[in-house]
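Q: First to last, the sequence lines map onto chains A and B. Residues in the first sequence are numbered consecutively from 0, following numbering that gives the first Met the number 0. Residues in the second sequence are numbered consecutively from 0, following numbering that gives the first Met the number 0. Note that beta-carbon positions come from the ideal geometry of N, C-alpha and C, so glycine has one too. Sharing a structure, written as structure tokens. Questions coming.
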Amino acid sequence: MAEPMGFYTDTTVCIGCKACEVACKEWNQLPAENGGIRELSGESYDNTRRLDGIHWRHVKFVEQFPEDRSAGRWLMMSDVCKHCVKAGCLEVCPTNAIIRTEFDTVVIQSDVCNGCRDCIAACPFGVIDINPASGTAQKCTLCYDRLQAGMEPACSKACPTDSIQFGTIRELRQRAEQRVQQLHAQGEARAYLYGADEGMLGGLNSFYLLIDKSEVYGLPTNPQLPTRQLFPSSILSTLGALVLGLFGFVSLRKHRMEEIAAKRREDAGEGMGER
Amino acid sequence: MKKVLKEINGYYTDDPSRHLEGFDRLKDDGSTTCASWLYCGVFPAPGQNLSARKEPLPPGYEGAYNNWGYSWPANRRVMYNRASADLQGKPWSERKRWIWWDGQQWTGYDVPDFPVNKPPDAPANPEGLGLDAHGGNAPFIMKPDGVGWLYVPNGLVDGPLPTHYEPAESAVHNPLYQQQTSPVLKYWERDDNQLAKVGDPRYPYIISTYRLTEHYLAGAMSRWQPWLTELQPELFIELSPELAAEKAIQNLNWVKISTPRGEIRAKALVTRRLRPLTIGGKLVHHVGMPWHWGWQGISTGDVVNELTALVGDPNVSIHEGKAFVCNVEKA
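Next up, the structure:
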């Protein structure tokens, strides 16, 4: 296996140009929604709104301006599949269409996917959706085809400010740590890394440098695997079955006792009739 | 991208892995290759792309931010910066000092735009070649006589010193003096090119037009491109929540925008990025519109330049689309 590869996205230098979105669509030949005939979203400069089967890159725009405009900033962040080391989508896929590649990335094989949508619900980041052109679940492949040819993914190559950086996870984490220290030294104390260690789903192979709470960027603080409840829920199920069994036993016994009591009353009644 | 930058920076012809360190290395015998001498030095060695540097100075520290990106030529941030020091090489102002003569050489915050070892009292040598013909007190090294000119014999029609004029259409009177706009601005007098007077109550708002990264010029090429039109699908007008409330306009409502030249429609994009301005104690609202739309393509919309005036800057006739006045109503 090659060394784990991924993305480090430094949101502080994203300028919201969306070159990554277009480069992704161009390389992966993804269609524009409704042929490009759309309505204005009215949500800042974000008109594609989310990641889905035909949008594998998405630039978020967060406007933070107080009413008196005493301060203000326009946060931008290019979002993508996180290629989790412990990937929920991979766990639930019933056809094994979702695989882990030799680059430690997560790829959906379209020819094996049967479109069951289990992975869509399993992803804690809402990354996956059905591509209407293929009818199968699709998402970022981290340009698996380009990686196999020794090329970097289309989005990071197109990024003019190096907000999206591609490389080995080991090197990217070092670079990101240095950047956080640099920002702290410059007085931006809010800078921190999201998903750059094993604590979050075993590590995100696409991690982020953020300068506000993760929810502000639409990222969950504590993403969870769908299988996290497997052990407690199986215990609970067993306990539930035991309790139900016990109730059944008790009511059966009660029923039997009542039958016996009725029989006795009957027998006693018969005796009284003789008197 | 780095391959292109390497071509621009230049390299030694017999060993292209060696980049040129600066334009003083250029030779006219074919031993060096360079696409642009001005940018020579931006990429002095493989892996050393100076334009990608992002090292600011710490807050409060004075300097020229020389480790932030790169500026041509030779990473100088202010051209002719010898002029920041007096004839003896001392800063004209200690507070604004930039480069100075330390007795041995020119030094300071910025890269000196002057022969580093030429003392301020070096005499001019009329027989000398190149910069040797200039004395140590001649900062304007690209001029034949080495000094700055207030007036030029031809070319500029205004000057010599910068001043402030209001745009051809403005919501306020020029705060500096009676002359409202440039006396030499180009104006094409036509019935369909009327200008609103200062304070015209029919056109109370300032409007700026600008571009989006997703479209190119008037959009004649980019509005046929589905991947671009889904990113910016419709013409819009950005306005503050304050003005929107005043005019009962909600986000995404259709809005009618008018000037003395024309009237168009666009969807409202209500955002606090636009802010009401207080100018001379008066509250003035400001709206903004991208100008990439027209009537053909996948994405179509009204032509914003129907609002602008045919007014040109006196020297190069660039039209004035960044600031004029308009009215905004719910459509």
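Looking only at C-alpha atoms, which of ASN326(B), VAL283(B), GLU213(B), PRO232(B) sits nearest to ALA22(A)?
A: GLU213(B)
Q: Between the Cα of VAL61(A) and the Cα atoms of LEU74(A), HIS54(A), TYR143(A), which residue gives the shortest distance?
A: If you compare the alpha carbons of LEU74(A), HIS54(A), TYR143(A) with that of VAL61(A), the shortest gap goes to LEU74(A).
Q: So, with DSSP's three-state summary, where would you put TYR204(B)?
A: strand
Q: From the DSSP output, which residues share a beta bridge with ILE7(B)?
A: Its beta-bridge partners do not exist; DSSP assigns none.
Q: Taking the DSSP output, what are the residues bridged to ARG17(B)?
A: For ARG17(B), which the question treats as bridged, DSSP gives no partner whatsoever.
Q: Could you give the DSSP three-state label for PRO313(B): helix, strand or coil?
A: coil
Q: ILE36(A) CB to nearest chain B CB: under 8 Å?
A: yes
Q: So LEU208(A) is in the beta strand (DSSP E); what residue range does that whole segment cover?
A: 205-209
Q: When you compare the region 107-127 of chain A with the region 148-157 of chain A, are there three or more beta-carbon pairs, one atom per stretch, that lie closer than 8 Å?
A: no
Q: Around the C-beta of SER162(A), are 16 or more other C-beta atoms found within 10 angstroms, so that it is buried, or is it exposed?
A: So SER162(A) ends up on the buried side.
Q: In the DSSP assignment, find the unbroken alpha helix (DSSP H) run with HIS398(B) in it and report its ends.
A: The structure shown does not extend to residue 398(B), since chain B is modelled only from 0 through 330, so no value can be given for it.
Q: Quick one: list the residues of chain B neighbouring GLU25(A), beta-carbon separation under 8 Å, in chain order.
A: TRP226
Q: Where in the region 61-139 of chain A do unbroken runs of the alpha helix (DSSP H), each at least 4 residues long, occur, reported from the N-terminal end onward?
A: 87-91, 117-121
Q: May I ask which residues mark the beginning and end of the alpha helix (DSSP H) holding ALA153(A)?
A: Element bounds for ALA153(A): 153-157.
Q: Using a beta-carbon distance below 8 Å, is ARG68(A) in contact with chain B?
A: yes
Q: In chain B, which residues lie less than 8 Å from LEU39(A) when you measure between Cβ atoms?
A: PRO232, GLU233, PHE235, LEU251, LYS266, LEU268
Q: Just the chain B side, please: which residues come within less than 8 Å of ASP161(A) by C-beta, in chain order?
A: ALA51
Q: Please state the DSSP three-state secondary structure of LEU251(B).
A: coil
Q: Can you give the Cα-Cα distance for ALA18(A) and LEU227(B), rounded to whole angstroms?
A: 10 Å
Q: Can TYR69(B) and LEU86(B) be called in contact, C-beta distance under 8 Å?
A: no
Q: Check whether the Cβ atoms of GLN179(B) and ARG260(B) lie closer than 8 Å to each other.
A: no
Q: Who does PRO90(B) pair with in a DSSP beta bridge?
A: ALA84(B)
Q: So that I know if they touch, is there some Cβ in chain A lying closer than 8 Å to that of ILE248(B)?
A: no
Q: When DSSP builds the beta bridges, which residues end up paired with PHE165(A)?
A: PHE6(A)
Q: Please tell me whether ASN46(A) has its Cβ less than 8 Å away from any Cβ of chain B.
A: yes
Q: Mind checking who SER257(B) pairs with in its DSSP beta bridge?
A: Beta-bridge pairing links SER257(B) to GLU262(B), ASN326(B).
Q: Under DSSP, the beta strand (DSSP E) around TYR143(A) begins and ends at which residues?
A: Per DSSP, TYR143(A) lies in no beta strand (DSSP E); the unbroken alpha helix (DSSP H) holding it starts and ends at 143-147.
Q: In three-state terms, what does DSSP make of VAL110(B)?
A: If DSSP states are grouped into helix, strand and coil, VAL110(B) belongs with coil.
Q: How is the alpha helix (DSSP H) around GLU245(B) delimited, first residue to last?
A: 240-245
Q: Measure the C-alpha to C-alpha separation of VAL242(A) and ARG264(A) and round it to an integer number of angstroms.
A: 32 Å
Q: Evaluate contact between the region 101-110 of chain A and the region 232-251 of chain A, counting only Cβ atoms and requiring at least three cross-stretch pairs below 8 Å.
A: no
Q: Quick test of the definition: if touching needs 3 or more C-beta pairs under 8 Å, does the region 232-246 of chain B touch the region 263-276 of chain B?
A: yes
Q: Does DSSP put LEU53(A) in a helix, a strand or coil?
A: It should be noted that the sequence gives Ile, not Leu, for residue 53(A). Note: ILE53(A) maps to coil in three-state DSSP.
Q: Would you be able to state if there are at least three C-beta pairs under 8 Å between the region 69-88 of chain A and the region 284-301 of chain B?
A: no
Q: Using a beta-carbon distance below 8 Å, is SER298(B) in contact with chain A?
A: At least one C-beta of chain A is nearer than 8 Å to the C-beta of SER298(B).
Q: How many whole angstroms separate the CB atoms of ALA63(B) and ARG76(B), which I take to be in contact at a CB cut-off of 8 Å?
A: 4 Å
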